[in-house]
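> In terms of my numbering, the sequence shown has 1442 at position 232, counting the first letter as 1, and numbering is strictly consecutive.
Beta carbons are placed, not taken as given, at the ideal position from N, Cα and C, and that holds for glycine.
Please read these numbers as outputs of a predicted model, since none were measured by experiment.
Here's a structure for you.
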Amino acid sequence: MFVVTGVTGHTGSVAAEALLAAKQAVRVVVRDAAKGAQWKERGAEVAIATIEDTASMTRALEGATGAYVLLPPPAWGEPNVAANRTALTANLLTALRAAAPKHTVFLSSVGAQHADKTGPIKWLNPIERALRESGLRSTFVRAAFFMENWGGSLGGALASGSLYYGLAADKKFSQVATKDIGRTVANALLEPHASGARVIELAGPEELSLDDTAAVMSAVSGKSVKAVTVPVEAMVASLEGMGASKDVASGYGELVQGINANHVAWEGGAAQFVRGATTLETVLRAMLAKG
Ligand SMILES: NC(=O)c1ccc[n+]([C@@H]2O[C@H](COP(=O)([O-])OP(=O)(O)OC[C@H]3O[C@@H](n4cnc5c(N)ncnc54)[C@H](OP(=O)(O)O)[C@@H]3O)[C@@H](O)[C@H]2O)c1
């Protein structure tokens, strides 16, 4: 039995679909029973659990041959990101240790080998470390910057002709489609390694800069979009203007600085390097089609 948490999200939905398509027994974990109905119809078992309620999450993970887990992102207005991340991390690890799935696949990120100066990624490092130390067989899927992150900027960029961001315009970095993350997760569950911790670093088909991203936005929309690098402080202030808490906004500022400085980068070494096939063009076209 494979257990998939975060099944209503970007990556969990794709992983669960891939496992069901491979005729595997799947238990999906939802917070709201109504969101489980479509999965039940497709033959999955449904468990209702939240990370905050450790007992419910432990029950949901029990008996798993393989389990997919992630640290859900904080709310946009979360005032105390550190306290929120620390509490969720402790609960998630408690549930994993108690249920002890035969194999845990954890959604991590490029740069999660570092404990600091990586913005939101720094909260994934303690989970990698704890799972490594626990001796539980674990795979860390360290995904690149999600292509879907541009969903928040696409409309404004097309309307104004400018894609504003704190990244250096010509700095190439990895971007991956969440569909490719979900598929990689399913493959990792279906093909576990022998023991201990395994790292999969997951990039997209090619590295892209902010300039390249703006060019793809132009190509898919037929409108001219130019990349505009703004000072990181201005980007942080603008995120706060859009309702992000100081903590959340400054985390993104640190992330952008980390990418610009090549600190948020692949670890390499023993990690397995995988490239997804989905292009940014495909992802942006799908976003435009949805409207
Ligand atoms: N954005 C990036 O560029 C990037 C890059 C690398 C790694 N990451 C990491 O990716 C992760 C997010 O993955 P994602 O995009 O697949 O997630 P997502 O689409 O935001 O989905 C989050 C899922 O978690 C569930 N959830 C939320 N709070 C929960 C709780 N308290 N207990 C149980 N379930 C809960 C949600 O269910 P509901 O439907 O109930 O809300 C949803 O299914 C984060 O850890 C982030 O650091 C992000």
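#1: Say yes only if the C-beta of R1485 is nearer than 7 Å to one or more non-hydrogen atoms of ligand 1, and no if none qualify.
#2: Starting from the Cα of E1417, find the closest Cα among A1425, Q1385 and T1492 and give me that residue.
#3: Pop quiz: Q1482 and V1442 are said to be a contact at Cβ under 8 Å. What is the actual Cβ separation, rounded to whole angstroms?
#4: Would you mind giving the Cβ-Cβ distance between P1311 and V1213, rounded to the nearest angstrom? I have them listed as a contact below 8 Å.
#5: Once DSSP output is grouped into helix, strand and coil, what is the label at T1423?
#6: Among the residues of its own chain, which have a CB less than 7 Å from the CB of N1290, if the five just before and after it don't count?
#7: Hey, could you find the ends of the beta strand (DSSP E) I1410 is sitting in?
#8: Could you tell me if the beta carbon of V1315 falls within a distance shorter than 7 Å of some heavy atom in ligand 1?
#9: On the CB-based measure, 16 or more other CB atoms within 10 Å of its CB, does T1296 come out buried or exposed?
#10: For the region 1298-1380, list the alpha helix (DSSP H) runs that are entirely contained and at least 4 residues long, ordered along the chain.
#11: Less than 7 Å between the CB of D1457 and some heavy atom of ligand 1, yes or no?
#12: Taking the alpha-carbon positions, what's the N1335 to R1352 distance?
#13: How do the region 1398-1405 and the region 1309-1325 stand: do at least 3 beta-carbon pairs fall below 8 Å, yes or no?
Short version:
#1: Walking along the sequence shown from the start, residue 1485 turns up at place 275. No; taking the cut-off as 7 Å, the Cβ of R1485 has no heavy atom of ligand 1 nearer than that.
#2: Residue mapping note: residue 1417 aligns to position 207 of the sequence shown, counting from 1. Of all alpha-carbon atoms in A1425, Q1385 and T1492, the one lying nearest the alpha-carbon of E1417 is that of Q1385.
#3: Within the sequence shown, residue 1482 is the residue found at index 272, counting from 1. Within the sequence shown, residue 1442 is the residue found at index 232, counting from 1. Contact flag wrong, Cβ pair sits at about 32 Å.
#4: Position 101 of the sequence shown, counted from the first residue, corresponds to residue 1311. Position 3 of the sequence shown, counted from the first residue, corresponds to residue 1213. Yes, P1311 and V1213 are in contact; Cβ-Cβ is about 7 Å, under 8 Å.
#5: Walking along the sequence shown from the start, residue 1423 turns up at place 213. It is helical.
#6: Here residue 1290 refers to the residue found at position 80 when the sequence shown is read from its first residue. Only D1457 meet the Cβ criterion.
#7: Indexing the sequence shown from 1 puts residue 1410 at position 200. In the DSSP assignment, I1410 falls within the unbroken beta strand (DSSP E) covering A1407 to A1413.
#8: Along the sequence shown, one-based indexing puts residue 1315 at 105. Every heavy atom of ligand 1 is 7 Å or more from the Cβ of V1315, so no.
#9: What you label residue 1296 is simply residue 86 of the sequence shown in a count that begins at 1. Counting Cβ neighbours within 10 Å, T1296 comes out exposed, since fewer than 16 surround it.
#10: 1335-1344 and 1361-1370
#11: Locating residue 1457 in the sequence shown gives position 247, where the first residue counts as 1. No, the beta carbon of D1457 sits no closer than 7 Å to any heavy atom of ligand 1.
#12: Start at 1 with the first residue of the sequence shown, and residue 1335 comes out as number 125. Start at 1 with the first residue of the sequence shown, and residue 1352 comes out as number 142. Rounded to the nearest angstrom, the gap between the Cα atoms of N1335 and R1352 is 11 Å.
#13: yes
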